[in-house]
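Novice:
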Amino acid sequence: MKLVLGADHGGFELKENIKEYLKEEGIEFTDYGTLTGDRCDYPDVAKKVAEAIADGTFDRGILFCGTGIGIGIAANKVHGIRAALCHDTFSAEFCRRHNDANILTMGGRVIGPGLAREVVRIFLSTGFDGGRHAERVAKIADMDK
Ligand code: RB5
């Protein structure tokens, strides 16, 4: 799986922690920044990451901002993106199983690194159930045709 990460300043520290986790687990990723804790605008990184998933450069992404909300709202503006805000493991499982989420978003000011790592583990290891859920996901894609 080709994985890409992105964050604004509010999510920078959590992104760095998750990068350490991914390295420990031997999971490869690309980091689209921000690469410093300096203030930046979350729509800019959301656009870069979301477009790179929509065009097939990457399969899945993880985006971080202060709350996980703004960066997810922005990412979901890109056709084909299904970004899901998850701060618990149940949501991480079902955003994959039922919604085929291709981006996970989290808030660095909301969730601690221990739970965030578990959310990431589940997001990356859970498949899509398909079936009736595939029909619903297709209806989402039809909405901004
Ligand atoms: C930045 O201060 C903050 O607004 C941003 O990280 C995010 O939480 C927006 O949704």
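Each step along the sequence shown adds one to the number in full-length UniProt numbering, with nothing skipped, and position 2 is 2.
Cβ coordinates follow ideal geometry from the N, Cα and C atoms, glycine included.
According to the neighbour-count rule (16 or more other Cβ atoms, all chains shown, within 10 Å of its Cβ), is Met143 buried or exposed?
Specialist: Indexing the sequence shown from 1 puts residue 143 at position 143. Per the 10 Å Cβ criterion, exposed.
Novice: When we look at the beta-carbon of Glu8 and count the other beta-carbons within 10 Å, is it buried (16 or more) or exposed?
Specialist: Taking the first residue of the sequence shown as position 1, residue 8 is located at position 8. The question names Glu, but residue 8 in the sequence shown is Asp. Flag for Asp8 reads buried.
Novice: What are the residues that DSSP puts in a beta bridge with Leu104?
Specialist: Taking the first residue of the sequence shown as 1, we reach residue 104 at position 104. In DSSP, Leu104 forms a bridge with Ile62 and Ala84.
Novice: Classify Gly26 as helix, strand or coil using the three-state DSSP reduction.
Specialist: Counted from its first residue, the sequence shown places residue 26 at position 26. Correct three-state label for Gly26: coil.
Novice: Please determine whether the Cβ atom of Ile62 lies at a distance below 6 Å from any heavy atom of ligand 1.
Specialist: Within the sequence shown, the letter at position 62 stands for residue 62. It does not: the Cβ of Ile62 is nowhere closer than 6 Å to a heavy atom of ligand 1.
Novice: Who are the near neighbours of His98 in its chain, counting only those whose CB is closer than 7 Å to its CB and skipping five residues on each side?
Specialist: Numbered from 1 along the sequence shown, position 98 holds the residue referred to as residue 98. Closer than 7 Å at the Cβ level, and outside the excluded window around His98, lie Asp129 and His133.
Novice: Just the C-alpha distance for Ile62 and Lys145, rounded to the nearest angstrom, thanks.
Specialist: If you number the sequence shown from 1, residue 62 lands on position 62. If you number the sequence shown from 1, residue 145 lands on position 145. Computed Cα separation, rounded: 25 Å.
Novice: Going by alpha carbons, who is nearest to His79 out of Lys15, Gly11, Ile18 and Ala138?
Specialist: Translated into positions along the sequence shown, residue 79 becomes position 79. It is Ala138 whose Cα lies nearest to the Cα of His79.
Novice: Taking the beta strand (DSSP E) that Gly6 belongs to, which residues open and close that run?
Specialist: Stepping through the sequence shown from its first residue, residue 6 is reached at position 6. Run containing Gly6: Leu3 to Ala7, per the beta strand (DSSP E) assignment.
Novice: Would you identify the three-state DSSP class for Asp142, choosing helix, strand or coil?
Specialist: As a working mapping, residue 142 is identified with position 142 in the sequence shown. Asp142 falls in the helix class under three-state DSSP.
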